[in-house]
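Asker: One structure, as structure tokens, below. Some questions next.
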Amino acid sequence: MNARTSSRSNVDESLTGSESVSVIAEVVAKDGDDLEELLDRVFQSLNLSVISETFRISNSNRVSGVRFFRWVCERRSGLSRSSKLCSLVIDNVGAVGDYESMLVLLKEFSEKKICLTEKAFGFLSVCIRDHELGSCAVKRVVDMLNSVGGSCRNSGVHALIKMLCIADAFPLTMYVMELTERRTSYYNILIWAQCRGGNFQEAHDLIDVMKKFNCEPNANSYNYIFSSLCKNKWTVDASNLLEDMEELGFLPDEITFEVVICHLCRLGQLDLAAEYLKHMMSKGLEPRLTTHAIFIKGYFYGNRLQEAYRYVVDAGDKQRCSENMNYSLLASLFQRSRRVVEARQVLNDMIGRGLRPNFSVYMKVMKDLHRLGMGDMAVDLKSRFMKLDASN
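Count the sequence shown with our numbering and you get residues 138 to 529, in order.
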């Protein structure tokens with residue numbers, strides 16, 4: 138049996154998942170004339186997970202996956218514009234040192250307005266520990282991104298900075314900005330990464346660095362720090378940062394307040410959270426639907442049921458667009474805690490205000506009422522619901 142026949146016999150159409158990865162990787166590595174024909178036999182097992190693992194094996198063996206990529210794009214046209222897939226092949230040609238193919242692919246992707254992710258630059262991880270080698274490799278990539286322009290340039294610089302941050306190669310991220318430009322969005326990635334590592338002081342110091350280079354921080358710059366401080370239970374520091382932020386003229390946004398409110402509610406400090414809500418609304422900011430949900434759940438699980446109901450009513454008076462969701466959420470919380478009579482009352486109240494309950498919540502309450510022998514209440518609730526439908 139010759140090698141060509143042997144390779145064909147190893148490709149089984151019934152292979153799936155992890156079994157097919159090694160077979161596909163072997164076919165890709167052989168790079169034979171019949172590569173596409175052999176790959177067609179395992180077409181049914183093809184998914185992004187299998188593709189990713191095939192590229193991983195190809196990268197470790199320094200095998201080009203360009204033909205494999207072309208075959209995938211032809212057979213799975215829906216993946217041809219996938220940022221994940223396109224980033225995987227860029228990482229592959231980088232791993233094998235095929236920069237000519239990288240340039241061709243980047244130009245092609247930019248023409249199609251395809252964006253890259255940080256996965257595109259994983260191949261740099263082998264050299265970035267050495268600053269000199271890392272600097273040379275990074276410059277080569279940046280020069281290439283600059284030359285192709287378009288979507289790959291813009292998303293590529295962002296992705297490169299994120300990849301370097303994840304790898305804790307912070308000096309090289311600064312080098313990338315020296316080669317390109319300093320942007321608030323780039324600095325925000327650094328702040329995110331420092332917070333992710335628990336380096337709050339370093340993250341806060343970056344705010345000063347940004348100002349030094351006339352790169353104004355935005356709400357996201359602070360939100361990353363707020364979120365990390367709160368997750369690590371540094372409530373006082375978060376409160377001080379919020380005050381500093383406002384004193385410096387930076388207006389917090391809805392997410393800023395939600396982060397602090399969420400943390401305080403988790404700690405059971407609902408009264409203090411309510412003060413932040415008042416402060417937020419005094420700034421002309423409207424709570425997000427998720428902020429309302431945090432308060433309602435906080436009061437409910439804190440067994441402050443009257444306050445939960447009062448919050449729903451008051452929030453509805455101030456912000457009509459949130460009314461339906463808030464009432465339905467409270468009814469759902471009662472229903473899930475087996476307080477079906479209270480759940481039914483909340484639904485009655487919201488119907489009385491002309492609001493249509495979430496249908497799933499309504500049906501669950503109806504079923505519970507029937508199951509518990511409260512058919513009269515179920516009939517009454519259904520009647521109210523039907524009248525609401527008729528009036529609409």
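Heads up, the beta-carbon is just placed ideally off N, CA and C, and yes, glycines get one too.
According to DSSP, is residue 308 helix, strand or coil?
Answerer: As a position in the sequence shown, residue 308 is number 171, starting the count at 1. In this structure, residue 308 counts as helix in the three-state DSSP scheme.
Asker: Among the residues of its own chain, which have a CB less than 7 Å from the CB of residue 430, if the five just before and after it don't count?
Answerer: By one-based count along the sequence shown, residue 430 stands at place 293. The residues are 466.
Asker: Assuming residue 254 is part of the alpha helix (DSSP H), what are its boundary residues?
Answerer: For this step, residue 254 is matched to residue 117 along the sequence shown. Note, residue 254: premise wrong, no alpha helix (DSSP H); not H, not E.
Asker: What is the C-beta distance between residue 209 and residue 165, in whole angstroms, given that I count them as a contact (C-beta under 8 Å)?
Answerer: On the sequence shown, position 72 is the one that residue 209 refers to. On the sequence shown, position 28 is the one that residue 165 refers to. With 8 Å as the limit, residue 209 and residue 165 do not qualify as a contact, their Cβ atoms being about 11 Å apart.
Asker: Since residue 272 contacts residue 242 with CB under 8 Å, what's their CB separation in whole angstroms?
Answerer: Translated into positions along the sequence shown, residue 272 becomes position 135. Translated into positions along the sequence shown, residue 242 becomes position 105. That pair is no contact at about 24 Å.
Asker: Among 305, 301, 348, which has the Cα closest to the Cα of residue 319?
Answerer: Your numbering for residue 319 matches position 182 in the sequence shown. Measuring from the Cα of residue 319, the nearest candidate turns out to be 348.
Asker: Residue ranges of each alpha helix (DSSP H) run of no fewer than 4 residues wholly in the region 395 to 470, ordered along the chain?
Answerer: Entirely contained in the region 395 to 470, the alpha helix (DSSP H) runs reaching 4 residues are, in chain order, 407 to 419, 426 to 438, 442 to 455.
Asker: Excluding five sequence neighbours on each side, which residues of the same chain lie with their C-beta closer than 6 Å to the C-beta of residue 141?
Answerer: Here residue 141 corresponds to residue number 4 of the sequence shown, with the count starting at 1. For residue 141, the predicted structure reports a pLDDT of 39, less than 50, and the residue's modelled location is therefore unreliable. A value from the coordinates is still provided. No residues qualify anywhere along the chain.
Asker: Return the first residue and the last residue of the alpha helix (DSSP H) that residue 225 is part of.
Answerer: Reading the sequence shown from its first residue, position 88 is the one you call residue 225. First-last of the alpha helix (DSSP H) with residue 225: 220 to 232.
Asker: May I have the straight-line CA-CA distance separating residue 250 from residue 226, to the nearest angstrom?
Answerer: By one-based count along the sequence shown, residue 250 stands at place 113. By one-based count along the sequence shown, residue 226 stands at place 89. Rounded to the nearest angstrom, the two C-alpha atoms are 16 Å apart.
Asker: For residue 319, which of helix, strand or coil comes out of DSSP?
Answerer: Within the sequence shown, the letter at position 182 stands for residue 319. Correct three-state label for residue 319: coil.
Asker: Can you give me the start and stop residues for the alpha helix (DSSP H) that residue 505 sits inside?
Answerer: The residue given as residue 505 occupies position 368 in the sequence shown. Where residue 505 is concerned, the enclosing alpha helix (DSSP H) stretches over 496 to 508.
Asker: In the DSSP assignment, find the unbroken alpha helix (DSSP H) run with residue 349 in it and report its ends.
Answerer: Taking the first residue of the sequence shown as position 1, residue 349 is located at position 212. Note, residue 349: alpha helix (DSSP H), 337 to 349.
Asker: Between residue 265 and residue 404, what straight-line distance do the alpha-carbon atoms span, to the nearest angstrom?
Answerer: Walking along the sequence shown from the start, residue 265 turns up at place 128. Walking along the sequence shown from the start, residue 404 turns up at place 267. Straight-line Cα distance between these residues: approximately 42 Å.
Asker: Residue 195: buried (16+ other C-beta within 10 angstroms of its C-beta) or exposed?
Answerer: Counted from its first residue, the sequence shown places residue 195 at position 58. Label assigned to residue 195: buried.
Asker: Does the region 494 to 508 come within contact of the region 470 to 480, defined as at least 3 CB pairs closer than 8 Å?
Answerer: Result yes; three or more Cβ-Cβ pairs closer than 8 Å.
Asker: Is residue 343 near residue 324, with beta carbons less than 8 Å apart?
Answerer: As a position in the sequence shown, residue 343 is number 206, starting the count at 1. As a position in the sequence shown, residue 324 is number 187, starting the count at 1. In contact: residue 343 and residue 324 (Cβ atoms closer than 8 Å).
Asker: Have a look at residue 445 and residue 302 and give me their C-alpha separation to the nearest angstrom.
Answerer: Position 308 of the sequence shown holds residue 445. Position 165 of the sequence shown holds residue 302. The alpha-carbon atoms of residue 445 and residue 302 are separated by roughly 42 Å.
Asker: Using only the alpha-carbon positions, how far apart do residue 138 and residue 326 sit?
Answerer: Along the sequence shown, read from residue 1 onward, the residue named residue 138 stands at position 1. Along the sequence shown, read from residue 1 onward, the residue named residue 326 stands at position 189. A caution first: residue 138 carries a pLDDT of 38, below 50, which makes its placement in the model too unreliable to give a value.
Asker: Less than 8 Å between the C-beta atoms of residue 282 and residue 263, yes or no?
Answerer: Mapped onto the sequence shown, residue 282 falls at position 145. Mapped onto the sequence shown, residue 263 falls at position 126. Going by C-beta atoms, residue 282 is not nearer than 8 Å to residue 263.
Asker: Report the rounded CA-to-CA distance for residue 313 versus residue 419, giving the unit in angstroms.
Answerer: Here residue 313 refers to the residue found at position 176 of the sequence shown. Here residue 419 refers to the residue found at position 282 of the sequence shown. Distance between the alpha carbons of residue 313 and residue 419 is about 41 Å.
Asker: For residue 513 and residue 485, what's the separation of their Cα atoms in angstroms?
Answerer: Position 376 of the sequence shown, counting from 1, holds the residue named residue 513. Position 348 of the sequence shown, counting from 1, holds the residue named residue 485. Each residue's alpha carbon lies about 14 Å from the other.
Asker: Using DSSP with H/G/I as helix, E/B as strand and the rest coil, what is residue 262?
Answerer: Working through the sequence shown from its first residue, we reach residue 262 at position 125. Looking at residue 262 - three-state DSSP - the assignment turns out to be helix.
Asker: Can you name, in chain order, every residue of its own chain whose Cβ lies under 6 Å from the Cβ of residue 146, other than the five neighbours on each side?
Answerer: For the purposes of this step, residue 146 is identified with residue 9 of the sequence shown, where counting begins at 1. Any answer about residue 146 is weak, because its pLDDT of 42 lies below 50 and its placement is not dependable; what the coordinates show is given next. Nothing listed; no residue qualifies.
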